[in-house]
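Take 559 as the starting number for the sequence shown in the working numbering and just add one per residue.
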Amino acid sequence: MMTGIIGAMSVETDALKAIVNNATKETVSGVEFVRGTVNGHEVVVAQCGIGKVFAAICAQTMILRYGVDQIINTGVAGTLCDELGLLDIAISTAVVEHDMDTSPLGDPVGLISGINIVEIPAAKKLAAKIADAAADLKKKTALGIIASGDQFISDTEKKAYIRNTFHAIACEMEGAAIGHVCYVNDVAFAVIRCISDNADSEAGTMEYPELCRRAAKQSQELIKKFFEI
Ligand code: ADE
Numbered sequence: 559m560m561t562g563i564i565g566a567m568s569v570e571t572d573a574l575k576a577i578v579n580n581a582t583k584e585t586v587s588g589v590e591f592v593r594g595t596v597n598g599h600e601v602v603v604a605q606c607g608i609g610k611v612f613a614a615i616c617a618q619t620m621i622l623r624y625g626v627d628q629i630i631n632t633g634v635a636g637t638l639c640d641e642l643g644l645l646d647i648a649i650s651t652a653v654v655e656h657d658m659d660t661s662p663l664g665d666p667v668g669l670i671s672g673i674n675i676v677e678i679p680a681a682k683k684l685a686a687k688i689a690d691a692a693a694d695l696k697k698k699t700a701l702g703i704i705a706s707g708d709q710f711i712s713d714t715e716k717k718a719y720i721r722n723t724f725h726a727i728a729c730e731m732e733g734a735a736i737g738h739v740c741y742v743n744d745v746a747f748a749v750i751r752c753i754s755d756n757a758d759s760e761a762g763t764m765e766y767p768e769l770c771r772r773a774a775k776q777s778q779e780l781i782k783k784f785f786e787i
């Protein structure tokens, strides 16, 4: 079983790259892929860059070049719900592309034409195993829809729009692109994100870099735990 792990920023992947045993490195399309084992599990870890297009390039490369059986997207997210506070964990049941919108043509907002769904279902077993790892770490966790778009959300109105339109629990910028690629390739995926901000007007302010670093670290701790159980 080969597992791909994708994070957008170095702070979201460096701690995982560092624990890959017998690592071999290769750069494809500008993305470094670190392949090896973690606790005897075959993995390939990559930092894809920010946003849906970079995430899609990375996921498709993992599938075609490394033959991954499943992909986990790790990193940070803004919370959209009361259940998730700073440094809590969001685990995907499904992902949506909140900035996909062909509604003027009569489609529901978020519909991905071609596959004709709004919510891309995540792998249940994988999400459940990650939830077990989070419980082992005594982390507060919520399972639900994670919304992705090419926007850093720092606005209460936009936050409310995404929450109310898609019933999403957290927002970020890559998960649904990875889910979309996995869906069309029939590869299992899950998104796990640690909350770094409230996606409101305070989201990008002075505390963000430190919270982002702490949240990114916790998300990687959870992946490490996942490979231990
Ligand atoms: N990643 C972390 N926080 C985010 C936010 N508020 N919007 C989009 N992506 C994020």
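Virtual Cβ for every residue (Gly too), placed ideally from N, Cα, C.
**Request:** Look up H738 in the DSSP assignment and say whether it is helix, strand or coil.
**Result:** Here residue 738 is taken as the residue at index 180 of the sequence shown, counted from 1. Residue state, collapsed to three classes: helix.
**Request:** Specify the secondary structure class of N743 as computed by DSSP and reduced to three states.
**Result:** On the sequence shown, position 185 is the one that residue 743 refers to. N743 falls in the helix class under three-state DSSP.
**Request:** Let me know the secondary structure DSSP gives Q709 once reduced to three states.
**Result:** Taking the first residue of the sequence shown as 1, we reach residue 709 at position 151. Per DSSP, reduced to three states, the secondary structure at Q709 is coil, with no helix or strand assignment.
**Item:** Among A689, S661, I688 and A685, the one whose alpha carbon lies nearest that of V676
**Value:** Start at 1 with the first residue of the sequence shown, and residue 676 comes out as number 118. Taking only the C-alpha atoms, the option nearest V676 is S661.
**Cβ-Cβ distance between V578 and V611 below 9 Å** = The sequence position of residue 578 within the sequence shown is 20, counting from 1. The sequence position of residue 611 within the sequence shown is 53, counting from 1. No; because the gap between Cβ atoms is not below 9 Å, this pair is not in contact.
**Message:** Spatial neighbours of C616 within its chain, please: C-beta separation below 7 Å, excluding the five flanking residues on both sides.
**Reply:** Here residue 616 refers to the residue found at position 58 when the sequence shown is read from its first residue. Taken in chain order, the residues that qualify are I564, V589, A604 and C606.
**Request:** Could you tell me if the beta carbon of A635 falls within a distance shorter than 8 Å of some heavy atom in the ligand ADE?
**Result:** Working through the sequence shown from its first residue, we reach residue 635 at position 77. Yes, Cβ of A635 sits closer than 8 Å to a heavy atom of the ligand ADE.
**N791 (DSSP reduced to helix, strand or coil)** = Since the first residue shown for the chain is 559 and the last is 787, residue 791 is missing from the structure and cannot be characterised.
**Prompt:** In three-state terms, what does DSSP make of S568?
**Reply:** Within the sequence shown, the letter at position 10 stands for residue 568. Correct three-state label for S568: helix.
**Message:** Tell me the residue span of the alpha helix (DSSP H) that contains K687.
**Reply:** Along the sequence shown, one-based indexing puts residue 687 at 129. Run containing K687: K682 to D694, per the alpha helix (DSSP H) assignment.
**Message:** Since I630 and N743 should fall inside the 8 Å C-beta cutoff, what is the C-beta to C-beta distance between them, to a whole number of angstroms?
**Reply:** Here residue 630 corresponds to residue number 72 of the sequence shown, with the count starting at 1. Here residue 743 corresponds to residue number 185 of the sequence shown, with the count starting at 1. Actually they are not in contact, since the Cβ atoms of I630 and N743 sit about 15 Å apart, beyond 8 Å.
**Asked** Taking 8 Å as the cut-off, is the CB of Q618 close to at least one heavy atom of the ligand ADE?
**Response** Translated into the one-based positions of the sequence shown, residue 618 becomes position 60. No, the ligand ADE has no heavy atom inside 8 Å of this Cβ.
**Request:** Check the C-beta distance from E730 over to I750 and give it rounded, since I have them as a contact under 8 Å.
**Result:** Translated into the one-based positions of the sequence shown, residue 730 becomes position 172. Translated into the one-based positions of the sequence shown, residue 750 becomes position 192. With a contact defined as Cβ atoms closer than 8 Å, E730 and I750 miss out at about 11 Å.
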